[in-house]
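Okay, so the sequence shown: first residue is 24 according to the numbering used here, each after it adds one.
For each residue, glycine too, the CB sits at the ideal point set by N, CA and C.
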Amino acid sequence: AHSHVPFVFLLSFQGELGWISYPQHGWEEISGVDEHYTPIRTFQVCNVMEYSQNNWLRTNWIPRQSAQKIYVELKFTLRDCNSIPLVLGTCKETFNLLYLETDDDQGSHFREHQFSKVDTIAADESFTQMDLGDRILKLNTEVREVGPMNKKGFYLAFQDVGACVALVSVRVYFKKCPYTVRNLASFPDTVPMDSQSLVEVKGSCVNHSKEEEPPRMYCSTEGEWLVPIGKCLCNPGYEEKSSTCQMCQPGFYKSTLGNTECSKCPPHSFSHHEGSLFCGCEKNYFRAEGDPVAMACTRPPSAPRNVISSINETSVILDWSWPEDNGGRRDITFTVVCKRCRSAPSGGGGLNQLCEPCRSNVRFLPRAAGLQNTTVTVADLLAHTNYTFEIEAQNGVSPLAPKMRQYAAVTITTNQAAPSPVTVIKKEKTSRNSVSLSWQQPERPNGIILDYEIKYYEKEEQETSYTILRARGCNVTLNGLKPNTAYLLQIRARTAAGYGASSPSIQFETSPDSFSISSENSQVVLIAISSAVAIILLTVLLYVLIGRFCCHGKSKHPDEKRLHFGNGHLRLPGIRTYVDPHTYEDPSQAVHEFAKELDASCIAIDKVVGAGEFGEVCSGRLKLPSKKEICVAIKTLKGGYTDKQRRDFLAEASIMGQFDHPNIIRLEGVVTRSKPVMIVTEYMENGSLDTFLRKHDAQFTGIQLVGMLRGIASGMKYLSDMGYVHRDLAARNILVNSNLVCKVSDFGLSRVLEDDPEAAYTTRGGKIPIRWTAPEAIAYRKFTSASDAWSYGIVLWEVMSYGERPYWEMSNQDVIKAVDEGYRLPPPMDCPATLYQLMLDCWQKERNNRPKFEQIVSILDKLIRNPGSLKITANTTSRPANLLLDRSSSEVTSVGTVGDWMDGMRTLPCKEAFSGVSYSSCDTLAKTSTEDLKKVGVTIVGPQKKIVSSLKALESHTKNGPVPV
Numbered sequence: 024a025h026s027h028v029p030f031v032f033l034l035s036f037q038g039e040l041g042w043i044s045y046p047q048h049g050w051e052e053i054s055g056v057d058e059h060y061t062p063i064r065t066f067q068v069c070n071v072m073e074y075s076q077n078n079w080l081r082t083n084w085i086p087r088q089s090a091q092k093i094y095v096e097l098k099f100t101l102r103d104c105n106s107i108p109l110v111l112g113t114c115k116e117t118f119n120l121l122y123l124e125t126d127d128d129q130g131s132h133f134r135e136h137q138f139s140k141v142d143t144i145a146a147d148e149s150f151t152q153m154d155l156g157d158r159i160l161k162l163n164t165e166v167r168e169v170g171p172m173n174k175k176g177f178y179l180a181f182q183d184v185g186a187c188v189a190l191v192s193v194r195v196y197f198k199k200c201p202y203t204v205r206n207l208a209s210f211p212d213t214v215p216m217d218s219q220s221l222v223e224v225k226g227s228c229v230n231h232s233k234e235e236e237p238p239r240m241y242c243s244t245e246g247e248w249l250v251p252i253g254k255c256l257c258n259p260g261y262e263e264k265s266s267t268c269q270m271c272q273p274g275f276y277k278s279t280l281g282n283t284e285c286s287k288c289p290p291h292s293f294s295h296h297e298g299s300l301f302c303g304c305e306k307n308y309f310r311a312e313g314d315p316v317a318m319a320c321t322r323p324p325s326a327p328r329n330v331i332s333s334i335n336e337t338s339v340i341l342d343w344s345w346p347e348d349n350g351g352r353r354d355i356t357f358t359v360v361c362k363r364c365r366s367a368p369s370g371g372g373g374l375n376q377l378c379e380p381c382r383s384n385v386r387f388l389p390r391a392a393g394l395q396n397t398t399v400t401v402a403d404l405l406a407h408t409n410y411t412f413e414i415e416a417q418n419g420v421s422p423l424a425p426k427m428r429q430y431a432a433v434t435i436t437t438n439q440a441a442p443s444p445v446t447v448i449k450k451e452k453t454s455r456n457s458v459s460l461s462w463q464q465p466e467r468p469n470g471i472i473l474d475y476e477i478k479y480y481e482k483e484e485q486e487t488s489y490t491i492l493r494a495r496g497c498n499v500t501l502n503g504l505k506p507n508t509a510y511l512l513q514i515r516a517r518t519a520a521g522y523g524a525s526s527p528s529i530q531f532e533t534s535p536d537s538f539s540i541s542s543e544n545s546q547v548v549l550i551a552i553s554s555a556v557a558i559i560l561l562t563v564l565l566y567v568l569i570g571r572f573c574c575h576g577k578s579k580h581p582d583e584k585r586l587h588f589g590n591g592h593l594r595l596p597g598i599r600t601y602v603d604p605h606t607y608e609d610p611s612q613a614v615h616e617f618a619k620e621l622d623a624s625c626i627a628i629d630k631v632v633g634a635g636e637f638g639e640v641c642s643g644r645l646k647l648p649s650k651k652e653i654c655v656a657i658k659t660l661k662g663g664y665t666d667k668q669r670r671d672f673l674a675e676a677s678i679m680g681q682f683d684h685p686n687i688i689r690l691e692g693v694v695t696r697s698k699p700v701m702i703v704t705e706y707m708e709n710g711s712l713d714t715f716l717r718k719h720d721a722q723f724t725g726i727q728l729v730g731m732l733r734g735i736a737s738g739m740k741y742l743s744d745m746g747y748v749h750r751d752l753a754a755r756n757i758l759v760n761s762n763l764v765c766k767v768s769d770f771g772l773s774r775v776l777e778d779d780p781e782a783a784y785t786t787r788g789g790k791i792p793i794r795w796t797a798p799e800a801i802a803y804r805k806f807t808s809a810s811d812a813w814s815y816g817i818v819l820w821e822v823m824s825y826g827e828r829p830y831w832e833m834s835n836q837d838v839i840k841a842v843d844e845g846y847r848l849p850p851p852m853d854c855p856a857t858l859y860q861l862m863l864d865c866w867q868k869e870r871n872n873r874p875k876f877e878q879i880v881s882i883l884d885k886l887i888r889n890p891g892s893l894k895i896t897a898n899t900t901s902r903p904a905n906l907l908l909d910r911s912s913s914e915v916t917s918v919g920t921v922g923d924w925m926d927g928m929r930t931l932p933c934k935e936a937f938s939g940v941s942y943s944s945c946d947t948l949a950k951t952s953t954e955d956l957k958k959v960g961v962t963i964v965g966p967q968k969k970i971v972s973s974l975k976a977l978e979s980h981t982k983n984g985p986v987p988v
């Protein structure tokens, strides 16, 4: 049996059954043929010619095994009593099914009073004598549930009390979820415990696998496995095949835990045994420490080719070509080794080449090792010196094969070179007419320094007139200078190869008078002055920054506001942000764009709380990584769904995923990559608003009810601002949490508006909730935010009446006719006049006269700020003379006479009933009852209530003056 098909355990009996019949002349076991002349065996009884029949037939003892509920399928024929002539007794067309639970087989022991009745079995079709002639036996099939059972076995009994009946087949079975393997976890045969809840069953990982998350499923009462959670993964060296984990074959490997297939060994590697975790490398091939096992084995590269050197005095540029063989890798780098070589006499009178590493001050540009390009510059070599450079190509496996490493070598001799520039110059002493200087020898003299050239000149003359001195040592005193004058100075060294480059220019100044100051003291003064200047500049900079910040904050105009939409995108006024998921060709694209994909392992289902249009609705918990566990509601898509059902199911998630508002139900995410497909939303503890209000009738204050209504209106304003029509706004589609916060939900019928603000959505058929829908939406299937406003008026009425059904028991056709003729729901008991007036505003026939949700929110905010206005009820006072919204139509009128009242009543849907009716006084009218109204043709409950309410108001007319209609 498949996992989605209930496994049925059959107890079948062939041949002589040996059932007990009591009395003996009652039920008889008879062999015969059916309408196809196939031999069959039946139990029959037909003693209708005798009085007081009580014929019993009892089965053998049937062990119940693990069953809790037993199902009995009966196939039988029954003869019509009217077709039996000259019946002397009392003919019946039914028989009884009974059962008895026992722990052991009682043999032939039989007591009628021990049996419990299951049901009276009647035939849907009976046969006549004529049918017997034509062999048209009308077979009936009935199934009954027996249990729950606790004892080891049971008997079934069939009691005939005067019928003509034949039992053709008795099939006894129970339902269970069959043994199955899902996600590499085996689940045993499981029998449902009762008919109300699911049974959670923990699975066991198949051999050679481990749990990723504890696997479990739920067994339904119909014997179906539901909601698989968790899974097992095949061990390394094993792959998933036919719901088992099998060893990888030779030449294949699998290194990780998971349900991927075994992979073929990469190039230059092998595996000779089953269940290999990786493939070993062939001879002279290697795999680096960081290489994945899926990577081919490789080897070191060959040597670089075509090395070219270009010498420039004590520098050399080396250039080469890439190796011919890269070893199968791309991570090739180059290393350059520098050696200084010289010739030394050998013992046989010849010369040997002795090489040693170069000095540490030799510079490689950009570097000596890890080169990714095929060129390098080596600088700061010694002049007239022999050097050998070895260039090696390396890759990730070169360290593993030192004997296979190859390099290219080149030997060069540097040229004669001048010394490098002097870089360190110090002022030792300064006076009015002289300055003493010292410096350090160049870093690379490239020979013996013969002398230094000192060149200096006045700064203002810009080198048009300069003086040159020569010094053998590293110090000099310049005399004959002008007092209080700035000078620039440069120094260069000379060897046998000539002058080197000049040092950078340095500046010094002579003293203005005879006062002299040491170089050390002048540096202290300079540091103090520099610190003071820096502090002043920092203070000014902070002042400017603070001033700009303050000015920037003040310059913003109060109207320069930006509105943010839920996912962080900027939403400018007038720009629609909602995207209709029905415009997507693939619903998965829309749901993945607007909804977060959840891992089914993060969801724990606690219990089934109801059934939705597409499947079961459950409550459970959601635990995301690094987040707190929260309670959630889970909608599941039942198995065997069509593509359209899946598209419609996911469309609701695509719609909810675009909303982010405290009064709109929040979507936590979806599960689409595993079965069952699920929509996960926040959990609303108090359920739907209509049920919640009926449960807590008259338990809330007016302010609490207005607060709930304000939340609904705020959510609808949010949807309306997005150009979005709900189409099914009703109290049943409002959810309430533990803090009495109301949130709009159920977006299955919702549609988006076009860019034109006057546009409406036209449906293509489908069910319309008549009692909540505006007249134009019913008549023309035109839905707008104005039609949502009408529905909001009905929700307002539902809230104030604590969940009463709108229009009571009126049929849908009566509602359509009454509303079209001007009838409106009367105010609920103790309803504040301002709220009832808001209902009437929402129920304006002309949709342009209905309030916008923005206005509704504003009205409710005013009522919350002024709770005293809620104390005036619509039942005891006149309707306000001015509507809550300005408009030119629907003015309130009052009646001053009985005739005026009659004219007003004739505007109701029952106006035909009042044609020709005359009443002489208010006293006569006040005594009118609902029975009187029925006599004159007012049969609709709603108008009856409104007329009686008006009669009471009219009765007080003589005392209080004109009364509003």
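Per DSSP, cross-strand counterpart(s) of Pro-62: Beta-bridge pairing links Pro-62 to Val-56.
Within the chosen definition, does the region 878 to 896 reach the region 732 to 741 through at least 3 CB pairs nearer than 8 Å? Under the 8 Å Cβ criterion, the region 878 to 896 counts as touching the region 732 to 741, having at least three qualifying pairs.
Reference Ser-266, options Val-204, Glu-235, Arg-670, closest by Cα: Nearest C-alpha to Ser-266: Val-204.
Report the partner residues of Thr-203 according to the DSSP bridge assignment. Thr-203 is bridged to Phe-210.
What's the C-alpha gap between Leu-728 and Leu-752? Answer to the nearest angstrom: the Cα atoms are 17 Å apart.
Whole-angstrom C-beta distance between Tyr-475 and Ile-448, which should lie under 8 Å: The pair is not a contact, with the Cβ atoms about 11 Å apart (cut-off 8 Å).
For a quick check, are the C-beta atoms of Leu-377 and Cys-361 less than 8 Å apart? Taking 8 Å as the Cβ cut-off, Leu-377 and Cys-361 do not qualify as a contacting pair.
According to DSSP, what are the bridge partners of Asn-78? Answer by DSSP bridge pairing, in chain order: Asp-183.
Where Ser-192 falls: helix, strand or coil (DSSP): In this structure, Ser-192 counts as strand in the three-state DSSP scheme.
Just reading off the alpha helix (DSSP H) that Ile-887 is part of, what are its end residues? Ile-887 -> alpha helix (DSSP H) spans 876 to 888.
Does the contact criterion of 3 or more C-beta pairs under 8 Å hold for the region 836 to 849 versus the region 793 to 810? In short, these stretches touch, since the Cβ pair count reaches three.
Straight-line CA distance for Ile-471 to Asn-507? One alpha carbon belongs to Ile-471, the other to Asn-507, and they sit about 38 Å apart.
Buried or exposed: Leu-716, going by 16 or more other Cβ atoms within 10 Å of its Cβ? Leu-716 should be labelled buried.
Ends of the alpha helix (DSSP H) at Cys-865? That run of the alpha helix (DSSP H) goes 856 to 865.
According to the neighbour-count rule (16 or more other Cβ atoms, all chains shown, within 10 Å of its Cβ), is Pro-685 buried or exposed? Around the CB of Pro-685, fewer than 16 other CB atoms lie within 10 Å, so the residue is classed as exposed.
With a threshold of 16 other CB atoms inside 10 Å of the CB of Asn-230, please say whether the residue is buried or exposed. By the C-beta density criterion, Asn-230 is exposed, having fewer than 16 other C-beta atoms within 10 angstroms.
State the DSSP-derived secondary structure class of Val-764, mapped to helix, strand or coil. Annotated three-state conformation of Val-764 is coil, per DSSP.
What separation, rounded to the nearest whole angstrom, lies between the Cα atoms of Gly-41 and Arg-64? Here the alpha carbon of Gly-41 sits roughly 12 Å from the alpha carbon of Arg-64.
Per-residue burial, Ile-726 [other beta carbons within 10 Å of its own, 16 or more giving buried]: In this structure Ile-726 is exposed. Its beta-carbon is surrounded by fewer than 16 other beta-carbon atoms within 10 angstroms.
Whole-angstrom C-beta distance between Trp-79 and Glu-135, which should lie under 8 Å: Your pair Glu-135 and Trp-79 checks out as a contact, with CB atoms roughly 7 Å apart and the cut at 8 Å.
Comparing the CB of Asp-354 with every heavy atom of the ligand FMN, is any distance shorter than 7 Å? Among the ligands in the structure shown, none appear at all, so the ligand FMN cannot be discussed.
Look at the alpha carbon of Cys-865 and the alpha carbon of Asn-872, and state the distance between them as a whole number of angstroms. Taking the straight line from one Cα to the other gives about 8 Å.
Which whole runs of the beta strand (DSSP E) in the region 268 to 336 are 3 residues long or more, in chain order? Counting whole runs of 3 or more residues, the region 268 to 336 contains the beta strand (DSSP E) stretches 328 to 335.
Glu-297 versus Cys-285 - alpha carbon distance: A straight line joining the alpha-carbon of Glu-297 with that of Cys-285 spans about 11 Å.
C-alpha distance - Ala-180 paired with Arg-194, whole-angstrom precision: Rounded to whole angstroms, Ala-180 to Arg-194 spans 13 Å at the Cα level.
Note down, in chain order, each residue of its chain lying with its Cβ closer than 8 Å to the Cβ of Asp-127, except the 5 sequence neighbours on either side. Excluding residues within five positions, the ones whose Cβ falls inside 8 Å are Trp-84, Lys-175, Gly-176.
Euclidean distance between Cα positions of Thr-100 and Thr-665: Using only the alpha carbons, I get a separation of about 39 Å.
State the DSSP-derived secondary structure class of Ser-814, mapped to helix, strand or coil. In the three-state DSSP reduction, Ser-814 falls in the helix class (H, G or I).
What residues match up with Arg-515 in a beta bridge as DSSP calls it? Per DSSP, the beta bridge partners of Arg-515 are Glu-476.
Using a threshold of 8 Å, state whether the C-beta atoms of Ala-424 and Phe-309 are closer than that. Yes, these two residues count as a Cβ contact at 8 Å.
By the 10 Å Cβ neighbour count, where 16 or more other Cβ atoms means buried, how is Cys-654 classified, buried or exposed? A residue is called buried when at least 16 other Cβ atoms come within 10 angstroms of its Cβ; Cys-654 does not meet this threshold and is exposed.
For Tyr-510, list the residues DSSP reports as bridge partners. Looking at the DSSP output, Tyr-510 sits in a beta bridge with Glu-481, Phe-531.
Which residues in the same chain as Thr-321 place their Cβ atom closer than 6 Å to its Cβ, once the five residues preceding and following it in sequence are excluded? Leaving aside the five residues that flank Thr-321 on each side, the residues in its chain whose CB is nearer than 6 Å to its CB run, in chain order, Gly-350, Gly-351, Arg-352, Val-420.
Measure from the alpha carbon of Ala-145 to the alpha carbon of each residue in Ser-139, His-132, Pro-108, Leu-190, then state which is nearest. Nearest of Ser-139, His-132, Pro-108, Leu-190 to Ala-145, Cα basis: Leu-190.
Can Ile-626 and Gly-643 be called in contact, C-beta distance under 8 Å? Yes, the pair counts as a contact, with Cβ atoms nearer than the cut-off.
What does the alpha-carbon distance come out to for the pair Arg-847 and Trp-831? When the Cα atoms are used, Arg-847 and Trp-831 turn out to be separated by approximately 13 Å.
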